[in-house]
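Asks: Protein sequence lines, in the order shown, are assigned to chains P and Z.
When we follow our numbering, the leftmost residue of the first sequence carries the number 1, and every step to the right adds one.
When we follow our numbering, the leftmost residue of the second sequence carries the number 1, and every step to the right adds one.
Protein chains: 2
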Amino acid sequence: MVDVTSRDDIEGLTVGVLGGTGAQGRGLALRWAAAGVPVVLGSRDAQRAEAAAAEVTETVVAAGFAAPSVTGADNATCASRADVVVAAMPWDGHGELLSSLAGELAGKVVIDCVNPLGFGKTGPYPLDVAEGSAAQQAQAVLPSSRVVGAFHHVSAVVLADLSQASVDIDVLVLGEERADTDLVQALAELIPGARGMFAGRLVNCGQVEKLTANLIAINRRYKTHAGIRVTGHGL
Amino acid sequence: MVDVTSRDDIEGLTVGVLGGTGAQGRGLALRWAAAGVPVVLGSRDAQRAEAAAAEVTETVVAAGFAAPSVTGADNATCASRADVVVAAMPWDGHGELLSSLAGELAGKVVIDCVNPLGFGKTGPYPLDVAEGSAAQQAQAVLPSSRVVGAFHHVSAVVLADLSQASVDIDVLVLGEERADTDLVQALAELIPGARGMFAGRLVNCGQVEKLTANLIAINRRYKTHAGIRVTGHGL
Numbered sequence: 001m002v003d004v005t006s007r008d009d010i011e012g013l014t015v016g017v018l019g020g021t022g023a024q025g026r027g028l029a030l031r032w033a034a035a036g037v038p039v040v041l042g043s044r045d046a047q048r049a050e051a052a053a054a055e056v057t058e059t060v061v062a063a064g065f066a067a068p069s070v071t072g073a074d075n076a077t078c079a080s081r082a083d084v085v086v087a088a089m090p091w092d093g094h095g096e097l098l099s100s101l102a103g104e105l106a107g108k109v110v111i112d113c114v115n116p117l118g119f120g121k122t123g124p125y126p127l128d129v130a131e132g133s134a135a136q137q138a139q140a141v142l143p144s145s146r147v148v149g150a151f152h153h154v155s156a157v158v159l160a161d162l163s164q165a166s167v168d169i170d171v172l173v174l175g176e177e178r179a180d181t182d183l184v185q186a187l188a189e190l191i192p193g194a195r196g197m198f199a200g201r202l203v204n205c206g207q208v209e210k211l212t213a214n215l216i217a218i219n220r221r222y223k224t225h226a227g228i229r230v231t232g233h234g235l
Numbered sequence: 001m002v003d004v005t006s007r008d009d010i011e012g013l014t015v016g017v018l019g020g021t022g023a024q025g026r027g028l029a030l031r032w033a034a035a036g037v038p039v040v041l042g043s044r045d046a047q048r049a050e051a052a053a054a055e056v057t058e059t060v061v062a063a064g065f066a067a068p069s070v071t072g073a074d075n076a077t078c079a080s081r082a083d084v085v086v087a088a089m090p091w092d093g094h095g096e097l098l099s100s101l102a103g104e105l106a107g108k109v110v111i112d113c114v115n116p117l118g119f120g121k122t123g124p125y126p127l128d129v130a131e132g133s134a135a136q137q138a139q140a141v142l143p144s145s146r147v148v149g150a151f152h153h154v155s156a157v158v159l160a161d162l163s164q165a166s167v168d169i170d171v172l173v174l175g176e177e178r179a180d181t182d183l184v185q186a187l188a189e190l191i192p193g194a195r196g197m198f199a200g201r202l203v204n205c206g207q208v209e210k211l212t213a214n215l216i217a218i219n220r221r222y223k224t225h226a227g228i229r230v231t232g233h234g235l
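(1) Compile a chain-ordered list of the residues in the stretch 191-208 of chain P whose CB is closer than 8 Å to at least one CB of chain Z.
(2) Report yes if the C-beta distance between I111 (chain Z) and V148 (chain Z) is below 9 Å; otherwise report no.
(3) Helix, strand or coil for G19 (chain P)? Go by DSSP, reduced to three states.
(4) Could you work out which residues of chain Z lie near L235 (chain P), taking near to mean beta carbons separated by less than 9 Å?
(5) Starting from L117 (chain P) and walking both ways along the alpha helix (DSSP H), at which residues does that stretch end?
(6) Using the Cα positions of R229 (chain P) and L28 (chain Z), report the straight-line distance between them to the nearest angstrom.
(7) When DSSP labels each residue in this structure, what does R44 (chain P) get in the three-state scheme?
(8) If we ignore side chains and look at the alpha-carbon of each, how far apart do T231 (chain P) and A213 (chain Z) end up?
(9) Under the three-state reduction of DSSP, which class applies to T212 (chain Z): helix, strand or coil?
(10) Could you check the C-alpha separation between D74 (chain Z) and R31 (chain Z) for me, to the nearest Å?
(11) Look at the Cβ atom of G118 (chain Z), then the Cβ atom of G200 (chain P), and state whether they are nearer than 9 Å.
(12) Output yes or no for whether 9 Å exceeds the beta carbon distance between V167 (chain P) and G227 (chain P).
(13) Using a C-beta to C-beta distance shorter than 7 Å, which residues of chain Z count as neighbours of D168 (chain P)?
(14) Does F65 (chain P) come out as helix, strand or coil in the three-state DSSP assignment?
(15) For V4 (chain P), count neighbouring C-beta atoms within 10 Å of its own C-beta (all shown protein chains included) and say buried if the count is 16 or more, exposed if not.
(16) Is the stretch 204-211 of chain P touching the stretch 123-141 of chain P, taking contact as three or more C-beta pairs under 8 Å?
(17) Please compile the residues from chain P whose C-beta is within a distance smaller than 8 Å of the C-beta of K121 (chain Z).
(18) Counting only Cβ-Cβ distances shorter than 9 Å, please list the residues of the stretch 126-157 of chain Z near chain P, keeping chain order.
(19) Please classify K108 (chain Z): is it buried, with 16 or more other beta-carbons within 10 angstroms of its beta-carbon, or exposed?
(20) Take T224 (chain P) and list the residues in its own chain whose beta-carbon comes closer than 6 Å to its own, dropping the five residues that flank it on each side.
(21) Whole alpha helix (DSSP H) runs in the stretch 169-193 of chain P with 4 or more residues, listed along the chain?
(22) Once you ignore the five residues that flank M1 (chain Z) on each side, which residues in its own chain have a CB closer than 7 Å to its CB?
(23) Name the residues in the stretch 12-37 of chain Z whose C-beta lies less than 7 Å from a C-beta of chain P; which are they?
(24) Can you say whether A63 (chain Z) is buried or exposed, counting buried as having 16 or more other CB atoms within 10 angstroms of its CB?
(25) Should V154 (chain P) and I191 (chain P) be called a contact, given that it needs their Cβ atoms to be closer than 9 Å?
(26) Got a sec? Which residues, its chain only, sit under 7 Å from Q164 (chain P) by beta carbon, not counting five neighbours each side?
(27) Out of curiosity, what's the CA-to-CA distance linking S69 (chain P) and A87 (chain Z)?
(28) If you measure from the beta carbon of D3 (chain P) to each beta carbon in chain Z, is any gap under 9 Å?
(29) Among Z:G19, Z:E177 and Z:A79, whose alpha-carbon lies nearest the alpha-carbon of A52 (chain Z)?
(30) Thinking G16 (chain P) and V40 (chain P) are a contact (beta carbons under 8 Å), I'd like their distance in whole angstroms, please.
(31) Going by DSSP, name the residue or residues bridged to D74 (chain P).
(32) Report the CB separation of A186 (chain Z) from G196 (chain Z) in whole angstroms; it is logged as a contact under 8 Å.
(33) Under 9 Å Cβ-Cβ, which residues of chain Z neighbour A186 (chain P)?
(34) Provide the residue span of the alpha helix (DSSP H) that contains A156 (chain P), from first to last.
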């Protein structure tokens, strides 16, 4: 059981990233590695994961950070070794892969950042998900894990660029248990400039995932890599 | 045909607000009235609309703004008199009311700000909408109007408080035609501090509507009235 609410506790944990060779997973791994968190990248192909881990290490060191602990492994080994696991695989195959790792992921927090989108002539659009959202699908196939939705809107381009020393975004964090969402908020805040915000239970994760389509529309219109901030008195 | 892209053009227009006696509609009317835009509040009950119009006028004048042009009428008269019409009625009855006004609304921009939410023991949750979103339902029943989605996330409490001279929010604007979304962005920017941002076509309006459930969850956790800003270089 992971039950931590402060950065001190997080620093003892190893974070696994399933789909860690994709742009989003690799970008998150890079930021956590730069912050000193041990990371295991997972992939179907262990060699590809190891190559990605070597690249992340090289990028972190080249940017002037301390040598990180980043390793690569097949997805099952990644899930087994890590204390907290990020699901960053493509939507296509999401449920199947997670389902196959239910044993390795039992008792762990699984952070789902997957956006179920289709791409048509006029751009991206939200896909219907029988369970309501990728996060709810993950929870359905991982009954012994605690799923938290987060990191949907963090631009992979921005994550990859360590010269951006402060990222101007809030990370919306959705889940059922306060301890778990607190943990993920703390992980979000290891990305310099980012703020983790609780944004509801999993039943409200679908629209957060789908909002990524709107950010892509905004990127196209305004030639940017959009993120969001939540405003309001006291925030 | 409304086809304007600057504030100068907007100032010649009358804005109608269907459901103008509700908190959201009245709040928007208040801000536009304070900015000098002629407003017609609509309600099922013309007398209730007239009473709301008198209250809006009184609030605007008491806050030190010039006497506004705010009138009240039944919904059909409101739709007929206005050049641009905001749909701010409750979700329950949304399609039926709009459908009954298809003639009055023909050829006009209809701005839908309705959020299809249910409320359960653990808070709000998104309702399934056969058409995908309230805005798409509006477009389906109003084939001769041009529907734009906007103003979903603007807190009625913040709108109602004219002492908040600058509102720290972006208004996400969704629609099919650039001229129409530009018009609505300009209307959004009559609210001091607000910025109107194009955020995609109507196919991507559902998640914007439903995100209001997340803002309510944020309000409860952080004791605020949350809004959002879009961040990114160049914005």
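Idealized CB from N, CA, C, for every residue including glycine.
Replies: Taking the structure as given:
(1) Cβ proximity to chain Z below 8 Å picks out M197, F198, A199, G200, R201, V203, N204, G206, Q207 and V208 from the stretch 191-208 of chain P.
(2) In contact: I111 (chain Z) and V148 (chain Z) (Cβ atoms closer than 9 Å).
(3) DSSP places G19 (chain P) outside both helix and strand once states are collapsed to three, so it counts as coil.
(4) In chain order: I218, Y222, T224 and A226.
(5) First-last for L117 (chain P): L117 to G120, but that is the beta strand (DSSP E), not the alpha helix (DSSP H).
(6) Distance between the alpha carbons of R229 (chain P) and L28 (chain Z): 22 Å.
(7) R44 (chain P) falls in the coil class under three-state DSSP.
(8) Our two residues, T231 (chain P) and A213 (chain Z), have alpha carbons roughly 15 Å apart in a direct line.
(9) Look at T212 (chain Z) here: in three-state DSSP terms it is helix.
(10) If you take the alpha carbons of D74 (chain Z) and R31 (chain Z), they lie about 21 Å apart.
(11) Not a contact, by the Cβ cut-off of 9 Å.
(12) Yes, they are a contact pair.
(13) Among the residues of chain Z, those whose CB is under 7 Å from the CB of D168 (chain P) are T231, following chain order.
(14) The three-state secondary structure of F65 (chain P), taken from DSSP, is coil.
(15) Confidence is the limiting factor: at V4 (chain P) the pLDDT is only 37, short of 50, which leaves the residue's position unreliable and the question unanswerable from this model.
(16) Yes, they touch.
(17) For K121 (chain Z), there are no C-beta contacts with chain P under 8 Å, since the nearest C-beta of that chain is about 11 Å from it.
(18) Within the stretch 126-157 of chain Z, the residues whose Cβ lies closer than 9 Å to some Cβ of chain P are P126, G132 and S155, listed in chain order.
(19) Per the 10 Å Cβ criterion, buried.
(20) Correct list: empty, nothing qualifies.
(21) Fully enclosed alpha helix (DSSP H) runs of 4 or longer: 178-188.
(22) Because M1 (chain Z) carries a pLDDT of 33, less than 50, the predicted location of this residue cannot be relied on, and the following value inherits that uncertainty. Excluding residues up to 5 positions away in sequence, G107 lie with their Cβ nearer than 7 Å to the Cβ of M1 (chain Z) in the same chain.
(23) Within the stretch 12-37 of chain Z, no residue has a Cβ that lies closer than 7 Å to any Cβ of chain P.
(24) Exposed.
(25) Yes, they are a contact pair.
(26) Take Q164 (chain P), set aside five residues on each side of it, and the residues of its chain with a beta-carbon closer than 7 Å to its own are V158, in chain order.
(27) Each residue's Cα considered, the two are about 55 Å apart.
(28) Summary for D3 (chain P): the model assigns pLDDT 37, below 50, so the residue's position carries little reliability, and this model does not support an answer.
(29) Closest option to A52 (chain Z), judged by alpha-carbon separation, among Z:G19, Z:E177 and Z:A79: Z:G19.
(30) Contact holds; Cβ gap of about 5 Å.
(31) Bridge partners of D74 (chain P): P:S43.
(32) Yes, they are in contact, since the Cβ atoms of A186 (chain Z) and G196 (chain Z) sit about 7 Å apart, within 8 Å.
(33) Using a Cβ-Cβ cut-off of 9 Å, A186 (chain P) is close to nothing in chain Z; its nearest Cβ partner there is about 16 Å away.
(34) Residues A156 to A160.
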